[in-house]
Structure formats: C-alpha cells, structure tokens
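Reading through the structure tokens given below for one structure.
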Amino acid sequence: MQMDQQFNTILEEKIPAFVLEVNEIAQMIDNEQNPLESKFIQQLIDKVRPLYVDARKDHLHLLSKVRILKLDKQIKDDVPLMEVLVRNRMI
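The working numbering numbers the first residue of the sequence shown as 1113 and each following residue consecutively.
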C-alpha cells in the first residue's frame, strides 16, 4: 500500500512539478537580456525541450494506465498496483 502511495505521489505531484519547473526555466531564458548568454542557453533548452515533451507524454500515459488498473476490481483487490506495473513493464 505504501508503494502505491509513493507511486501516486510521483505520478500526480513530482513529475508535473518537474514539467512546470522546466517550462518556467525556459520562460526565464526567453526573457533574458544578455543576447550572447541567452542564445547559448536557448540552444540548450531547444535540445532539452523534446525530452520535456516526451516526459510529459509518458507521464500522461502512465497516469491513464494507473487509473485504468485502479478500476479493475480484481487487480485492485488481489495485487498491489506497483507489482502489476513492474510485472507488465509499465514502469
């Protein structure tokens, strides 16, 4: 049960917070006044942004899978959710 709570915390709080933080950093860089530093940093952000987008999509996909699994009465009652996810290589 504790593992399920930990997993939910990661899915529902930690990953979305990370995504928002990366987005805020990108916005700060966009607003930077020094053009030389800003250009270099913008190049870094352009390389990182696809990773951010993939992480966000993966997060939403995992969250939807967890919600589906939680609705399955047999899985919910018989096996801790984390074990099912690990067994099915969903995480």
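C-beta atoms are modelled at their ideal positions from N, C-alpha and C, and glycine is treated no differently.
- The beta carbon of E1136 sits closer than 8 Å to none of the beta carbons in its chain outside the five residues before and after it.
- DSSP places L1123 outside any alpha helix (DSSP H), giving it a letter other than H or E.
- Contact check between the stretch 1170–1183 and the stretch 1152–1160: fewer than three CB pairs, one atom from each, fall below 8 Å, which does not count as touching.
- Going by C-alpha positions, D1184 is about 54 Å away from L1148.
- Per DSSP, reduced to three states, the secondary structure at N1143 is coil, with no helix or strand assignment.
- If you draw a straight line from the Cα of L1123 to the Cα of K1169, it comes to about 12 Å.
- The three-state secondary structure of D1166, taken from DSSP, is helix.
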